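Participant: Residue numbers (full-length UniProt numbering): 1 to 265. This is the structure, below, for whatever I ask next.
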């Protein structure tokens, strides 16, 4: 590679946990325990943020805020809600650590291209201990994992990306390609000044398991995919790929374009 030096991956919905299913049920169950009904769409909208920020964002949504009698929730209550969410999530997190199809092979090919690998996540460090252990058993074990706890704030702030770049030893940021599956991933990448790539299938934005995806008619699948592409591009993606398996070939193409100075950040 002549121009690109590193790739920065998200975790759930990007490299592991097809459909980013693990957090969704835990968020919805936690709110239900509080007597608050939330939709799948409301739950997924802030996905990619630090989980306590995810809860704060949901509480400000009109449909949820109205159920609270249009009253602000205290930070103490938000902390308690986050603690309950974590309790629920820890019960099943290990079941959602498998790499998505094509991830292990794609990462191995990217490493063979002499690109460094880093990762950022909306999960906490304790959550990541579980996810990393499960993913490593299936062949995915990146050395660099940055959480919001490490830098003080999660997405859409670029701090995790900067910290990962420091550990990767890569600069400037436009030598890095950020890869993710959510609107927040795209914002993180763009805010950090990195090339930013979104993924469609297996993403939180697509929001379906592998089985559910296969059961869609071709028309429904393509329509849903088009909507996901639109949201990710509007959030800042330079490019959107179908799957992570498509990434190595795209990186080679992008590197060629950049080395010829055909594309500018």
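Don't be surprised by glycine CBs; every beta carbon is placed ideally from N, CA and C. This one's a predicted model, so the numbers in the text were calculated from it and none came from an experiment.
1) How should residue 191 be labelled, buried or exposed, when 16 other C-beta atoms within 10 angstroms of its C-beta is the threshold for buried?
2) With DSSP collapsed to three states, give me the class of residue 238.
3) Specify, as a first and last residue, the run of the alpha helix (DSSP H) that residue 116 falls within.
4) From residue 188 to residue 2, what distance separates their C-alpha atoms?
5) If I'm right that residue 13 touches residue 19 with Cβ under 8 Å, what's the distance once you round it to whole angstroms?
6) I'd like to check one pair, residue 243 with residue 48: are the Cβ atoms closer than 7 Å?
7) Identify whether residue 73 lies in helix, strand or coil by the three-state DSSP scheme.
8) Specify whether the region 167-177 and the region 113-121 touch according to this definition: at least 3 beta carbon pairs, one from each stretch, less than 8 Å apart.
9) Please state whether the Cβ-Cβ distance between residue 106 and residue 247 is less than 7 Å.
10) In whole angstroms, what is the alpha-carbon distance linking residue 23 and residue 260?
11) Tell me whether residue 90 sits in a helix, a strand or coil according to DSSP, three-state version.
12) Quick check: the region 126-142 against the region 30-40, are there 3 or more CB pairs under 8 Å?
13) Below 8 Å, can you find three or more Cβ-Cβ pairs linking the region 126-140 to the region 84-104?
Facilitator: Straight from the coordinates:
1) By the C-beta density criterion, residue 191 is buried, having at least 16 other C-beta atoms within 10 angstroms.
2) The DSSP-derived three-state label of residue 238 is coil.
3) Segment 116-120 is the beta strand (DSSP E) holding residue 116; no alpha helix (DSSP H) there.
4) Roughly 25 Å between the two C-alpha positions.
5) Sure, about 7 Å apart at Cβ, within 8 Å.
6) No, these two residues do not count as a Cβ contact at 7 Å.
7) The three-state secondary structure of residue 73, taken from DSSP, is coil.
8) Yes: the two stretches touch, three or more of their Cβ pairs being nearer than 8 Å.
9) A contact, by the Cβ cut-off of 7 Å.
10) Whole-angstrom Cα-Cα distance: 42 Å.
11) DSSP places residue 90 in helix when its eight states are reduced to three.
12) The count of Cβ pairs closer than 8 Å, one atom from the region 126-142 and one from the region 30-40, stays below three, leaving the stretches out of contact.
13) With three or more CB-CB distances shorter than 8 Å, the region 126-140 counts as touching the region 84-104.
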